[in-house]
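Count along the sequence shown from 1, then add 112; that gives the number in the working numbering.
Report on the structure given below.
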Amino acid sequence: MNDQDYTILGIDYGDVRVGIALAHNIAKLPHPLTTLSNNDQLITTIAQIIQEQNTKLIVLGLPLSASGNETQQTQKVRQFCSQLSEQVPWPVVLVDESYSSVAVQERHGHAVVAKEAIDAQAAAVILERYFMEQKGEAQ
Numbered sequence: 113m114n115d116q117d118y119t120i121l122g123i124d125y126g127d128v129r130v131g132i133a134l135a136h137n138i139a140k141l142p143h144p145l146t147t148l149s150n151n152d153q154l155i156t157t158i159a160q161i162i163q164e165q166n167t168k169l170i171v172l173g174l175p176l177s178a179s180g181n182e183t184q185q186t187q188k189v190r191q192f193c194s195q196l197s198e199q200v201p202w203p204v205v206l207v208d209e210s211y212s213s214v215a216v217q218e219r220h221g222h223a224v225v226a227k228e229a230i231d232a233q234a235a236a237v238i239l240e241r242y243f244m245e246q247k248g249e250a251q
């Protein structure tokens, strides 16, 4: 792998679970990787994934209210973003994650999907939104 060949890590941060997804910087096809427990080892575990996956950019979902305002959860994500930025050498970009879990559930229709799977898939949706924003196609 050269410096132009790396992965982008998507994160759907929650109080209990944290969804993780990956996408190659060239192919830009996000896929769910795993769901982690939000515990004292979270940042250490994410740092290990970053190293193992040759990640050079982190995209973190930022929850906003339906009116686009910040919420209590927004502040928690901003605090996590600050902590993560101090521990990893790569930039952390915030992307509006509004309704990412709803988008995952809509994709599955009436199928029952485990909460853990929804979190990782929501992280993939966050990466999709990041790529759309980069192309100027943000909704």
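Cβ coordinates follow ideal geometry from the N, Cα and C atoms, glycine included.
Owing to the predicted nature of the structure, the values given are computational and were not obtained by experimental measurement.
Checklist line | Sheet register partners of Arg129 (DSSP bridge) | finding: Sequence index remark: in the sequence shown, residue 129 carries index 17 (1-based). Arg129 pairs with Ser149.
Next item on the list: Go ahead and pull the three-state DSSP assignment for Lys168.
Entry: The residue labelled residue 168 in the question sits at position 56 within the sequence shown. It is a strand residue.
Notebook entry, point to check: Would you call the CB atoms of Val130 and Asp208 closer than 8 Å?
Noted result: Start at 1 with the first residue of the sequence shown, and residue 130 comes out as number 18. Start at 1 with the first residue of the sequence shown, and residue 208 comes out as number 96. For Val130 and Asp208, no; Cβs fall outside 8 Å.
Margin query: My output table needs one value for Val189: the three-state DSSP class, helix, strand or coil.
Written below: The sequence position of residue 189 within the sequence shown is 77, counting from 1. Here Val189 sits in helix by DSSP.
Next item on the list: Measuring alpha carbon to alpha carbon, tell me which of Tyr118, Gly173 and Gln160 ends up nearest Ala135.
Entry: What you label residue 135 is simply residue 23 of the sequence shown in a count that begins at 1. It is Tyr118 whose Cα lies nearest to the Cα of Ala135.
Next item on the list: My understanding is that Leu174 touches Thr186, with C-beta atoms under 8 Å, so please give their C-beta distance in whole angstroms.
Entry: Stepping through the sequence shown from its first residue, residue 174 is reached at position 62. Stepping through the sequence shown from its first residue, residue 186 is reached at position 74. About 6 Å separates the two Cβ atoms, so the contact holds.
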